[in-house]
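In what follows, a single structure is set out as structure tokens and then discussed.
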Amino acid sequence: MGSTLIEKIFAHNIGADSVKAGDIITVNVDRVMIHDIFIPFVKDKFEEMGFTKIWDPDRTVLIYDHLVPASQLDDPRHHHIGDDFCDKYGVKNVHRSDGICHQLMTEAGYVKPGDVAFGTDSHTVTYGCVGAFSTGIGYTEMASILGTGKLWVRVPETIRVNINGTLPEGVTSKDVILTIIGDLRADGATYKSLEFAGSTVDAMSVASRMTMSNMTVECGAKCGLFSPDAKTAEYCGLKGLDDFLTSLHGDEDAVYSKVLNYRAEDFVPVMACPSQVDKIKPVSQVILEAAAMEEGSVVPSVGLIKDGSIRVDQVFIGSCTNGRLEDLQAAASVLKGRHIAPFVKLIVTPASRKIYRDALADGTLDILAQAGAMITTPGCGLCCGRTGGILTDNEVVVATNNRNFLGRMGTSKVNIYLASPVTAAKCAVAGKIV
Amino acid sequence: MEQFTGKVWLLGDDIDTDIIIPTEYLALKTVKDMAPYGFSPLRPELAAQIKPGDIIVAGKNFGCGSSREQAPEVIKALGVRAVIARSYARIFFRNAINNGLLLIENDTLCNDVKEGDEITVNVGESIEYNGKTYPEAGGLVKAMQKLNGIIK
Numbered sequence: 001m002g003s004t005l006i007e008k009i010f011a012h013n014i015g016a017d018s019v020k021a022g023d024i025i026t027v028n029v030d031r032v033m034i035h036d037i038f039i040p041f042v043k044d045k046f047e048e049m050g051f052t053k054i055w056d057p058d059r060t061v062l063i064y065d066h067l068v069p070a071s072q073l074d075d076p077r078h079h080h081i082g083d084d085f086c087d088k089y090g091v092k093n094v095h096r097s098d099g100i101c102h103q104l105m106t107e108a109g110y111v112k113p114g115d116v117a118f119g120t121d122s123h124t125v126t127y128g129c130v131g132a133f134s135t136g137i138g139y140t141e142m143a144s145i146l147g148t149g150k151l152w153v154r155v156p157e158t159i160r161v162n163i164n165g166t167l168p169e170g171v172t173s174k175d176v177i178l179t180i181i182g183d184l185r186a187d188g189a190t191y192k193s194l195e196f197a198g199s200t201v202d203a204m205s206v207a208s209r210m211t212m213s214n215m216t217v218e219c220g221a222k223c224g225l226f227s228p229d230a231k232t233a234e235y236c237g238l239k240g241l242d243d244f245l246t247s248l249h250g251d252e253d254a255v256y257s258k259v260l261n262y263r264a265e266d267f268v269p270v271m272a273c274p275s276q277v278d279k280i281k282p283v284s285q286v287i288l289e290a291a292a293m294e295e296g297s298v299v300p301s302v303g304l305i306k307d308g309s310i311r312v313d314q315v316f317i318g319s320c321t322n323g324r325l326e327d328l329q330a331a332a333s334v335l336k337g338r339h340i341a342p343f344v345k346l347i348v349t350p351a352s353r354k355i356y357r358d359a360l361a362d363g364t365l366d367i368l369a370q371a372g373a374m375i376t377t378p379g380c381g382l383c384c385g386r387t388g389g390i391l392t393d394n395e396v397v398v399a400t401n402n403r404n405f406l407g408r409m410g411t412s413k414v415n416i417y418l419a420s421p422v423t424a425a426k427c428a429v430a431g432k433i434v
Numbered sequence: 435m436e437q438f439t440g441k442v443w444l445l446g447d448d449i450d451t452d453i454i455i456p457t458e459y460l461a462l463k464t465v466k467d468m469a470p471y472g473f474s475p476l477r478p479e480l481a482a483q484i485k486p487g488d489i490i491v492a493g494k495n496f497g498c499g500s501s502r503e504q505a506p507e508v509i510k511a512l513g514v515r516a517v518i519a520r521s522y523a524r525i526f527f528r529n530a531i532n533n534g535l536l537l538i539e540n541d542t543l544c545n546d547v548k549e550g551d552e553i554t555v556n557v558g559e560s561i562e563y564n565g566k567t568y569p570e571a572g573g574l575v576k577a578m579q580k581l582n583g584i585i586k
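Rendered as structure tokens:
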């Protein structure tokens, strides 16, 4: 009987011939990521457990991204505690203002195909884009890994997602993953591995795959995996794929708990509507529904109906989901030679310093700035609702990030619509959902 | 057998970690400092109303969202004795166990129970509410008896 992609990664990690879904195993951790917001708690737990040294400081990465630049008086404390922690235990892989942790972990070469990685953030699932197992854990488990280099996991069952064909113009991998989340629902893949395959994902850039892996946690998944290929090898700075990496695909005769089949041509631009990440509707449907609502009224979980459509107060393009160069370029292609609606605030946050510089060098940032965008420092920014761009009651934001939870970007009456960078840019120009 | 009785606070499906404790309070020094803001996006008054020994009953996918371990810790800090939900999200589940927060899975109690009512939990065995015992089957033997039509 064959194996799923995750079964192959875990078997290789523990040196077994094979493992099967449901097995409880103890993995050898290749890399861990801790971010600024939880480092004080990791340090406390680590020392409370009685550890005096980290099992392998070189496999440990600390990234400041949620609290950079600091926006509240308590924030800088986290950075001081993080710096002290690194000095004390010899951690040298520290990024203090280079970008979002999930962008940096693969971009800076910390995670390679086939690796097993854990992070103190739920979007750690992102590294599945290069064929690595990675998932989010709490600070207590992180402290125990720092001491031992190991963690127990249950080998997850796998949902296979086959996507074949060519995506329509203007439809991105964000629309694909939002559609899948809408079909599976917010708990549809709880404790499971999502394995993506087919000609559509083969044709995607690593950046586009990253968007999809990133959001798999929104349907409860433990990981969201792509098979490594030549593009992966190039992105990760590998000369090629060895036998193990070449074998990293789900076998035809592997056991899947479910198989979803999609035709790429069927995908359309979609949005996650306020305030559930699985409340997915085609943009065309959102527009039609708004047209039937009372003009001038403020509709709960929708927004202000103005001129027959939903008025947009702010647009956010960024985050570990959609803050990469191709995302900024996609927005720029919509915004080139145009200007955003006068009342709209457009906030663009590149996911990393490298992306910021690349977008500066190729003129993308200039196009966005000319169109009226505020371009901010790389980091989590507005996505986690702590810095620039907080909204208030009844306002509408169209955002490219991953969560539209109640109260995430301001008050609990803010209406957050999640969409692709293309849709977001169009909404910024129109000042309404289009 | 451990047994306790507590007052119920009833919540819905997909209670996410941003609802349990919003990101803006995560840089406060201690979990105790965060506790007063628990559940504030959904029910700002709730944290002050919860008394030690109370029980949260909810729908499916409780604790979905971020990896913040403050979510189960805040629930514990508020004095909640147990959470009874239809299902739990993965990271929250592990974090709750690692912090000794009692999680119970039950598929039907959330449909029956009214907020403010008292329920009794017999740990590892059953929940009693309004003269009814949950889980209704009460183990494999009763489940098979139900399958065979011996009991309803």
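Chains as they are written, first to last, in my numbering: chain A, 1 to 434; chain B, 435 to 586.
Where is the CB? At the ideal position from N, CA and C, for every residue including glycine.
If you're wondering where the values come from, they're calculated on a predicted model, not measured in any experiment.
Residues sharing a beta bridge with residue i, DSSP
{"i": "cysteine 223(A)", "result": "Ser193(A)"}
{"i": "cysteine 498(B)", "result": "Asp450(B)"}
{"i": "arginine 154(A)", "result": "Ile24(A)"}
{"i": "methionine 33(A)", "result": "Val61(A), Gly119(A)"}
{"i": "histidine 95(A)", "result": "Ile63(A)"}
{"i": "asparagine 162(A)", "result": "Ala197(A), Asn261(A)"}
{"i": "threonine 457(B)", "result": "According to DSSP, which records beta bridges pairwise, threonine 457(B) is partnered with nothing at all."}
{"i": "alanine 516(B)", "result": "Ile489(B)"}
CB of residue i within 8 Å of CB of residue j, strictly
{"i": "valine 27(A)", "j": "lysine 192(A)", "result": "no"}
{"i": "isoleucine 310(A)", "j": "valine 396(A)", "result": "yes"}
{"i": "aspartate 551(B)", "j": "arginine 515(B)", "result": "no"}
{"i": "leucine 67(A)", "j": "isoleucine 34(A)", "result": "no"}
{"i": "valine 547(B)", "j": "isoleucine 538(B)", "result": "no"}
{"i": "alanine 272(A)", "j": "valine 344(A)", "result": "no"}
{"i": "glycine 136(A)", "j": "aspartate 115(A)", "result": "no"}
{"i": "leucine 146(A)", "j": "isoleucine 54(A)", "result": "yes"}
{"i": "proline 274(A)", "j": "serine 247(A)", "result": "no"}
{"i": "arginine 386(A)", "j": "alanine 351(A)", "result": "no"}
{"i": "lysine 112(A)", "j": "alanine 132(A)", "result": "yes"}
{"i": "glycine 472(B)", "j": "alanine 481(B)", "result": "yes"}
{"i": "threonine 4(A)", "j": "alanine 361(A)", "result": "no"}
Contacts around residue i, its chain only, beta-carbon distance under 6 Å, and the 5 residues preceding and following it disregarded
{"i": "valine 102(A)", "result": "It should be pointed out that residue 102(A) corresponds to histidine in this sequence rather than to valine. Excluding positions up to five away in sequence, the list reads His123, Thr126, Cys320."}
{"i": "valine 557(B)", "result": "Glu436"}
DSSP-derived helix/strand/coil call for residue i
{"i": "phenylalanine 38(A)", "result": "coil"}
{"i": "lysine 279(A)", "result": "coil"}
{"i": "leucine 365(A)", "result": "helix"}
{"i": "alanine 371(A)", "result": "coil"}
{"i": "alanine 523(B)", "result": "coil"}
{"i": "arginine 528(B)", "result": "helix"}
{"i": "leucine 406(A)", "result": "coil"}
{"i": "alanine 143(A)", "result": "helix"}
{"i": "phenylalanine 85(A)", "result": "helix"}
{"i": "isoleucine 177(A)", "result": "helix"}
{"i": "alanine 332(A)", "result": "helix"}
{"i": "tyrosine 568(B)", "result": "strand"}
{"i": "isoleucine 538(B)", "result": "strand"}
{"i": "glutamine 314(A)", "result": "strand"}
{"i": "valine 382(A)", "result": "The identity of residue 382(A) in the sequence shown is leucine, whereas the question assumes valine. Leucine 382(A): helix per DSSP, three-state reduction."}
Alpha-carbon spacing of residue i relative to residue j, whole angstroms
{"i": "valine 398(A)", "j": "alanine 425(A)", "result": "9 Å"}
{"i": "glycine 2(A)", "j": "histidine 12(A)", "result": "14 Å"}
{"i": "glutamine 504(B)", "j": "isoleucine 280(A)", "result": "29 Å"}
{"i": "valine 94(A)", "j": "alanine 16(A)", "result": "33 Å"}
{"i": "tyrosine 591(B)", "j": "leucine 346(A)", "result": "Outside the shown range of chain B (435 to 586) lies residue 591(B), about which nothing can therefore be said."}
{"i": "glycine 534(B)", "j": "glycine 198(A)", "result": "43 Å"}
{"i": "proline 569(B)", "j": "valine 153(A)", "result": "28 Å"}
{"i": "proline 421(A)", "j": "leucine 167(A)", "result": "15 Å"}
{"i": "serine 297(A)", "j": "aspartate 313(A)", "result": "15 Å"}
{"i": "leucine 365(A)", "j": "leucine 328(A)", "result": "8 Å"}
{"i": "leucine 335(A)", "j": "phenylalanine 38(A)", "result": "37 Å"}
{"i": "arginine 77(A)", "j": "isoleucine 305(A)", "result": "43 Å"}
{"i": "aspartate 84(A)", "j": "alanine 369(A)", "result": "38 Å"}
{"i": "serine 501(B)", "j": "glycine 583(B)", "result": "44 Å"}
{"i": "asparagine 401(A)", "j": "glycine 499(B)", "result": "13 Å"}
{"i": "valine 555(B)", "j": "aspartate 452(B)", "result": "28 Å"}
7 Å CB neighbourhood of residue i in its chain, flanking five on each side removed
{"i": "isoleucine 177(A)", "result": "Thr211, Met212, Met215"}
{"i": "isoleucine 179(A)", "result": "A small correction: the amino acid at residue 179(A) is threonine; isoleucine does not occupy that position in the sequence shown. Here the set comprises Phe267, Val270, Ile280."}
{"i": "isoleucine 24(A)", "result": "Trp152, Arg154"}
{"i": "phenylalanine 46(A)", "result": "Ala143, Leu146, Gly147"}
Contact set for residue i: own chain, Cβ-Cβ below 8 Å, skip 5 residues either direction
{"i": "aspartate 435(A)", "result": "Here chain A comprises residues numbered 1 to 434, so residue 435(A) is not present and cannot be evaluated."}
{"i": "valine 29(A)", "result": "Arg59, Val116, Ala117, Phe118, Ile145, Gly149, Lys150, Leu151"}
{"i": "serine 205(A)", "result": "Lys231, Glu326"}
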